[in-house]
Amino acid sequence: MTLLKNSRPVVAIIGGGFTGSAVAWNLTRAIPNHEVQIVVHEPRKNLGAGLAYDTSDPTHRINVPAERMSLDADDGGDFMAWLAERSVEQTDPEAQLPDGRIFPRRADFGAYVAARLKPMILDGRIQHARCEVVAIERDASCWRIRRSDGTTLLADSVVIATSHPSPAAPRTLAALLEGHPRFVADPTAANALATIRPGNDVLIVGNGLTGADIAASLLARGHTGHITAISRRGLRSRGHAFGTQEPHGDFISRPIKSARLLTRRIRETIKQAALFDVSWHAVLDAVRAQGQAIWRNLPIAERRRIVRHLRPFWDVHRFRIAPQVENAIDAAIGAGQMESLAASVSAVSYFGDKIRVAMRLSRRKGTVLRDIDAVVVATGPAHGSVLSSQPYLDGLAGAGHIRLDPVGLGLDCDQRSRLIGANGEVQPGLFVAGPLARGAFGELMGLPQVTLHARDVAFEVKSDVAPHAIARTETAA
Ligand SMILES: Cc1cc2nc3c(=O)[nH]c(=O)nc-3n(C[C@H](O)[C@H](O)[C@H](O)COP(=O)(O)OP(=O)(O)OC[C@H]3O[C@@H](n4cnc5c(N)ncnc54)[C@H](O)[C@@H]3O)c2cc1C
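One gets this note's numbering by counting positions in the sequence shown from 1 and adding 699 to each.
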């Protein structure tokens, strides 16, 4: 009994950033001999880069050391091996720190993933459909994928991996500045900062990793204007500890059932770690590594509490800026060229050629005015409104096949990453991979966790398509 070539089960992956590509790559290993047709839908030129690594800006660096980034969940050193083959120390001398850790350019990580996928694309195990998916509809036991090039594809299993929606600009700003040449509502768009002149005074709204990237890019281009970066709490993404530390702390053996207890345990562990000269970074790394088990132990109400109250603090400690970026920003702050405020925009108006922004300082410290030339929104992807972020998700939600997870971080799914519809039931053959599954898994944003998740989803998809393969084999025999 042999499979007919055109009767193989079809797996459609929507989004070919790191996550979608990693699911495809793992599937080719889990299902050998071309037994399934794997189609990755991705409008970008190369698979593997996505929003995070599809950047030619040399100041954009990975924010965890290269030794912790790998496509292969079973070989954590794969990216390091790829870098060594290419002598990164010569092509990018700033990548390596004096302590030996390497923070390469994000573009290099994208190139690495693309290189690992290339053989599978060349031999047809993975097809790159260079288009957007505009609709997904149920069609008997299959899913009909409608694509922006006008074609459709019938798929047995679908994996949603479109992760990061565009940021949503604060309404006060958008209402006045929409259409202004130096209002950058989506800094991830190609050449987003091109209209900002070196002498412009710039306001960056958001002080996390995206804000740091923007500041570093401007400074590297020789920016001379003043830069004000704001966030509600005035929190800034932290840097890395010096040297390498092992994760420190156990947050699982005694299950933690509340946000309050989690905070207390983290504080206690940080204090105790300091006695052994271990910094908070190692404790937060342990929380991150154990994050999915911690999340599973927490009731939904406590998960919500964490998202509402602790997330801003968690984000700035857990998403750390690359040391090269941190140095550039610290130097600009030290020289008085850049300031970081705990504030939110309360009013915007025009003042001659300038944009006048009134900002309410946090903790009732009053209001400050700044006359600026450019505003960049760096509030990060708007995951809370993911269902309305694009037509295919809107359509799936409208038909009841998907819904927002109860915590509001992405799409509702079970522990096998199967999507849950409006009626609370698992949708056959419909999966989610990567950051959009965070509601169920908790910590699932950084690459180490996404790598593991992609492998798990590939395993689930393999079980899902197996009955289709058997049925078609029997039909073909
Ligand atoms: C700017 C940025 C930098 C980051 N840097 C790091 C880092 O250095 N280290 C780290 O550990 N983590 C980092 N992260 C975290 C990041 O979540 C993961 O590392 C990982 O890259 C997520 O990839 P993804 O494929 O899930 O998402 P994305 O990168 O968002 O990829 C989704 C892809 O889906 C495509 N797509 C969207 N809609 C459609 C559609 N309708 N049809 C077809 N395709 C579609 C998009 O074109 C995109 O390429 C970063 C995140 C961002 C946003």
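Virtual Cβ for every residue (Gly too), placed ideally from N, Cα, C.
Which partner residues does residue i have in the DSSP bridge list?
i       : result
Leu738  : The amino acid at residue 738 is misidentified as Leu; the sequence shows Val. DSSP lists Ala711, Gln826 as partners of Val738.
Lys1053 : Phe1050
Leu1040 : Ile929
Val1067 : Met1058
Ala834  : Arg845
Trp804  : With the sequence shown as reference, residue 804 is identified as Arg, and Trp is not the correct amino acid for it. Arg760.
Gln795  : Ile801
Under 8 Å by Cβ, that's how I've got residue i and residue j pegged, so tell me the actual separation to the nearest angstrom.
i       : j       : result
Ala751  : Arg805  : 6 Å
Arg843  : Thr850  : At roughly 11 Å, the Cβ-Cβ gap does not stay under 8 Å, so Arg843 and Thr850 are not in contact.
Ser1045 : Thr1066 : 7 Å
Phe1050 : Gln989  : Incorrect: roughly 51 Å between the Cβ atoms, too far for contact.
Phe717  : Val1149 : 6 Å
Arg932  : Ala1077 : Not confirmed; about 15 Å, so no contact.
Ile926  : Gln1036 : 7 Å
Gly1145 : Arg1010 : Actually they do not touch by this definition, with Cβ atoms about 15 Å apart.
Pro886  : Val1056 : Contact flag wrong, Cβ pair sits at about 17 Å.
How long is the line joining the alpha carbons of residue i and residue j, rounded to whole angstroms?
i       : j       : result
Glu734  : Asp753  : 31 Å
Gln944  : His879  : 46 Å
Pro840  : Ala874  : Before going further, note that residue 840 is Ser rather than Pro in the sequence given. Each residue's alpha carbon lies about 45 Å from the other.
Ala915  : Arg837  : 46 Å
Trp781  : Asn732  : 26 Å
Arg1137 : Leu1110 : 8 Å
Ala1034 : Asp900  : 15 Å
His947  : Ala1021 : 21 Å
Val739  : Pro803  : 26 Å
Ala721  : Ala1153 : 6 Å
Thr758  : Ala1121 : 43 Å
Ala891  : Val883  : 7 Å
Gly775  : Ile1101 : 33 Å
Ala1098 : Gly938  : 44 Å
Gln1089 : Ser865  : 10 Å
Arg1115 : Ala1000 : 22 Å
Glu784  : Phe778  : 10 Å
Ser786  : Asp855  : 43 Å
Met1058 : Pro869  : 13 Å
Lys653  : Arg995  : This structure leaves residue 653 out entirely; the chain is present only between 700 and 1176.
Ile713  : Arg1063 : 46 Å
Val832  : Pro797  : 45 Å
Phe1132 : Ser978  : A small fix is needed here, since residue 1132 is Ala in this sequence, not Phe. The straight-line gap from Cα to Cα measures roughly 32 Å.
Ala1031 : Asn725  : 43 Å
Cys1112 : Asp1104 : 7 Å
Leu876  : Phe1012 : 30 Å
Ala981  : Pro764  : 14 Å
From what residue to what residue does the beta strand (DSSP E) around residue i run?
i       : result
Val857  : 856–859
Ala1127 : According to the sequence shown, residue 1127 is Pro rather than Ala. Note, Pro1127: beta strand (DSSP E), 1125–1131.
Leu1118 : 1117–1119
Val901  : 901–904
Val1076 : 1073–1076
I need the boundaries of the alpha helix (DSSP H) containing residue i, first residue and last residue.
i       : result
Val982  : 979–988
Ala1096 : 1090–1097
Ala1027 : 1022–1033
Val697  : This structure cannot speak to residue 697, because the chain is shown only from 700 to 1176.
Val787  : 787–790
Asp912  : 908–919
Val722  : 717–729
Asp777  : 777–784
Leu875  : 870–876
Would you verify that the beta carbon of residue i is, or is not, closer than 8 Å to some beta carbon of chain C?
i      : result
Val986 : In summary, chain C is missing from the structure at hand, where a single protein chain is found.
Does the region 1024–1039 come within contact of the region 1123–1143, defined as at least 3 CB pairs closer than 8 Å? When C-beta atoms of the region 1024–1039 are compared with those of the region 1123–1143, fewer than three pairs fall below 8 Å, so the two segments do not count as touching.
Touching by the beta-carbon criterion (3+ pairs, under 8 Å), the region 790–804 and the region 825–836: Not touching, per the Cβ criterion.
Do the region 1004–1014 and the region 971–981 meet, that is, are 3 or more Cβ pairs less than 8 Å apart? No: fewer than three Cβ pairs fall under 8 Å.
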